[in-house]
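Trainee: Residue numbers (this note's numbering): -1 to 231.
Below is the structure I would like to discuss, written out as structure tokens.
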């Protein structure tokens, strides 16, 4: 766990075909989830000049006004997006075992080997994902309670900005804590694959202190900032 970001980036680059396969899978899921959207929007936009603002670019105000029209029911679009998200999550859980094996052993696996590793670890990865709901759910509950408290402060305090400042501060702290939970579970997944661990709770318990003391948190934070900057760009 003491490798640098540069060495990790080199590892990803050497096995970049995994990224291209995952990208292709997500692209296919995005196309499938777009089918109900196109079915709903086609009668509205096919003969409208407003569609040019969405075809030649992406005008946000046009899109917002489109969603407010009664003939564009948002509820009809939700199931497709939800199904695509669930399929994507299951697909990534299925691939986790093979991907981690490739990264840990730093070698190219045959399709048979990769598939075998994916199948071997799928249920354990699924259970690990279910266990992660506990800490992430607790953080979401804290965020919700803090939001309610901030709302009361905005209504009752002389300075309305007090509630906003509290809300922003708590949200940032929650995000930093969520990044730590992500590091913890990533370390547990790596330990699970490396040692073919079957007792997941014990693996989680043994992974927390090494993950916390590995010095990787600063690198995780830097990567998260880089990702947010890329998204903003």
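Even glycine gets a Cβ: it sits at the ideal position worked out from N, Cα and C.
Keep in mind that this is a model prediction, so the values were computed, not measured.
How should residue 44 be labelled, buried or exposed, when 16 other C-beta atoms within 10 angstroms of its C-beta is the threshold for buried?
Mentor: Result: exposed.
Trainee: Mind reading off the beta-carbon distance from residue 56 to residue 130? Whole number of angstroms is fine, and I expect it under 8 angstroms.
Mentor: Their Cβ separation, rounded to whole angstroms, is 33 angstroms, which puts residue 56 and residue 130 out of contact at 8 angstroms.
Trainee: Quick one: Cα of residue 8 to Cα of residue 38, how far?
Mentor: So the two alpha carbons sit approximately 44 angstroms from each other.
Trainee: Taking 8 angstroms as the limit between beta carbons, can you name the residues of its chain near residue 106, skipping five residues before and five after?
Mentor: The answer, listed in chain order, is 13, 100.
Trainee: Residue range of the alpha helix (DSSP H) that residue 111 falls in?
Mentor: 109 to 154 is the span of the alpha helix (DSSP H), which, as asked, contains residue 111.
Trainee: In chain order, which continuous runs of the alpha helix (DSSP H) of length 4 or greater are located wholly inside the region 29 to 72?
Mentor: Segments of the alpha helix (DSSP H) lying fully in the region 29 to 72: 50 to 53, 58 to 65.
Trainee: In whole angstroms, what separates the C-alpha of residue 147 from that of residue 132?
Mentor: Approximately 23 angstroms between the Cα atoms of the pair.
Trainee: Would you kindly report the start and end of the unbroken alpha helix (DSSP H) that includes residue 184?
Mentor: Looking at the DSSP string, the run of the alpha helix (DSSP H) that includes residue 184 is 159 to 193.
Trainee: Consult DSSP for residue 196 and reduce its assignment to one of helix, strand or coil.
Mentor: It is coil, neither helix nor strand.
Trainee: Can you give the Cα-Cα distance for residue 73 and residue 27, rounded to whole angstroms?
Mentor: Using only the alpha carbons, I get a separation of about 19 angstroms.
Trainee: Tell me whether the beta-carbon of residue 215 lies closer than 9 angstroms to the beta-carbon of residue 177.
Mentor: Taking 9 angstroms as the Cβ cut-off, residue 215 and residue 177 qualify as a contacting pair.
Trainee: Going by beta-carbon coordinates alone, are residue 94 and residue 123 separated by less than 9 angstroms?
Mentor: Against a cut-off of 9 angstroms, the Cβ pair of residue 123 and residue 94 comes out as a contact.
Trainee: Whose C-beta lies closer than 8 angstroms to the C-beta of residue 71 among residues of the same chain, with five residues either side of it excluded?
Mentor: Taken in chain order, the residues that qualify are 38.
Trainee: Just reading off the alpha helix (DSSP H) that residue 228 is part of, what are its end residues?
Mentor: Element bounds for residue 228: 214 to 230.
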